[in-house]
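*Asks:*
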Amino acid sequence: MEKVKRFGVSIEESLLIKFDSFIKTKKYKNRSEAIRDLIRENFVNDSWEDSSKHVAGAIIIVYDHHKRELLDNLVDIQHNYQNFIISSQHIHLDHHNCMEIIVVKGAMQKLIELEAILKATKGVKHTTFAKSTLGEEI
1 MEKVKRFGVS IEESLLIKFD SFIKTKKYKN RSEAIRDLIR ENFVNDSWED
51 SSKHVAGAII IVYDHHKREL LDNLVDIQHN YQNFIISSQH IHLDHHNCME
101 IIVVKGAMQK LIELEAILKA TKGVKHTTFA KSTLGEEI
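Per my numbering, residue 1 is the first one in the sequence shown, and the count goes up by one each step.
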């Protein structure tokens with residue numbers, strides 16, 4: 001494990017009050033843990049700025065499984081991007097709606113392209129992309 005360094009932070013009282021409330025809500029044990037997580041989150045977001053990077057994430061889609069040809073289209077799309085898909089999970093939300101979580105890894109441009117194609121597929125109601133990192137730079 002890396003050596004831990006201490007440093008001081010000056011902050012306005014009103015911002016500190018909000019930060020302490022955030023810490024309590026998120027169940028952090030102390031300010032240091034919260035600050036470390038916020039810094040790491042910023043680095044993960046920064047890694048998505050460089051289109052040449054390889055990254056990881058999860059594309060989550062919600063769709064009406066009764067929509068004609070939708071399931072075949074979703075499977076075809078995923079087969080076209082099989083080199084970037086690590087895993088997928090299908091969840092039945094109710095009689096009409098399903099959720100699929102597609103775990104992806106690879107060239108950022110290809111992952112964004114895959115998300116855009118899934119989002120634009122007729123019958124898909126909602127799409128979100130949980131962006132992450134390969135963990136190498138944080």
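The C-beta atom is built at its ideal place from N, Cα and C for all residues, glycine as well.
1. Let me know if residue 133 comes out buried or exposed under the rule of 16 or more other beta-carbons within 10 Å of its beta-carbon.
2. Just list the alpha helix (DSSP H) runs in the segment 3-76, keeping only unbroken ones of 4 residues or longer that don't cross its boundaries, in chain order.
3. Taking the DSSP output, what are the residues bridged to residue 130?
4. Excluding the five sequence neighbours on either side, which residues of its own chain have a C-beta within less than 7 Å of the C-beta of residue 92, listed in chain order?
5. Can you give me the C-alpha to C-alpha distance between residue 16 and residue 112, rounded to a whole angstrom?
6. Under 8 Å by Cβ, that's how I've got residue 60 and residue 104 pegged, so tell me the actual separation to the nearest angstrom.
*Replies:* In terms of the structure at hand:
1. buried
2. 13-25 and 31-47
3. 58
4. 98
5. 36 Å
6. That pair is no contact at about 11 Å.
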